[in-house]
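The structure appears right after this line, and notes come after that.
The structure is reproduced here in structure tokens:
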């Protein structure tokens, strides 16, 4: 309101998309575009711990701890460093509690979910298909074929995802059409 912006559209990639939709911006819910969102926090939290273990193995050439040991560290008040960020028990528990399929039922504004796949013959994500169904008739599921991952900490990744870009721009242009 203070900026004078007349229209807001939420957009995010992976966990950023999840946070965007969970943000309480006040007022009516704006249109929403999510690129490969994290739907279930339980899966994502385990992926973060798996990333910690993988990084540890690369650095030390051995597995020093298990996921259970990392969870115990969190419960004891320690943090776990995931890609340079200190994960706390409260953050871990908050992430685990997320389930967009439950919290996004009947999303009131138009929305787009982009399923990013590596090949044209890849199976559609059941999780994203269910999410779009839960969101209601204003939700659209698009598919973008990108041969390399959009996100890969510490690895080669795309600097421009053309198919994602085309899907997003097409959807944005269609927002002004009835």
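Residue numbers (the working numbering): 64 to 241.
Don't be surprised by glycine CBs; every beta carbon is placed ideally from N, CA and C.
Since we're looking at a predicted model, the values are computed, not measured.
Query, Result
"In chain order, each beta strand (DSSP E) run of at least 3 residues that lies wholly inside the stretch 65-151", "73-76, 95-98, 143-145, 148-150"
"Residue 242 versus residue 160 - alpha carbon distance", "Because residue 242 is not part of the residues shown, which for the chain are 64 to 241, the question remains open."
"Cβ pair count under 8 Å reaching 3, the stretch 178-187 against the stretch 148-156", "no"
"Paired residues, beta bridge with residue 204 - DSSP", "176"
"Which listed residue (111, 233, 125) has its alpha carbon closest to that of residue 78", "111"
"Beta carbon of residue 73 nearer than 8 Å to that of residue 91", "no"
"Residue environment, residue 176, which counts as buried when at least 16 other CB atoms sit within 10 Å", "buried"
"With 16 other Cβ atoms within 10 Å as the buried cut-off, status of residue 174", "buried"
"Residue range of the alpha helix (DSSP H) that includes residue 232", "225-237"
"Beta-ladder partner(s) of residue 162, from DSSP", "103"
"Helix, strand or coil at residue 157 [DSSP, three-state]", "helix"
"Environment of residue 148 [buried if 16+ CB atoms lie within 10 Å]", "exposed"
"Proximity winner among 100, 230, 113, relative to residue 134 (alpha-carbon distances)", "113"
"Cα-Cα separation, residue 169 to residue 199", "5 Å"
"Contact set for residue 239: own chain, Cβ-Cβ below 6 Å, skip 5 residues either direction", "none"
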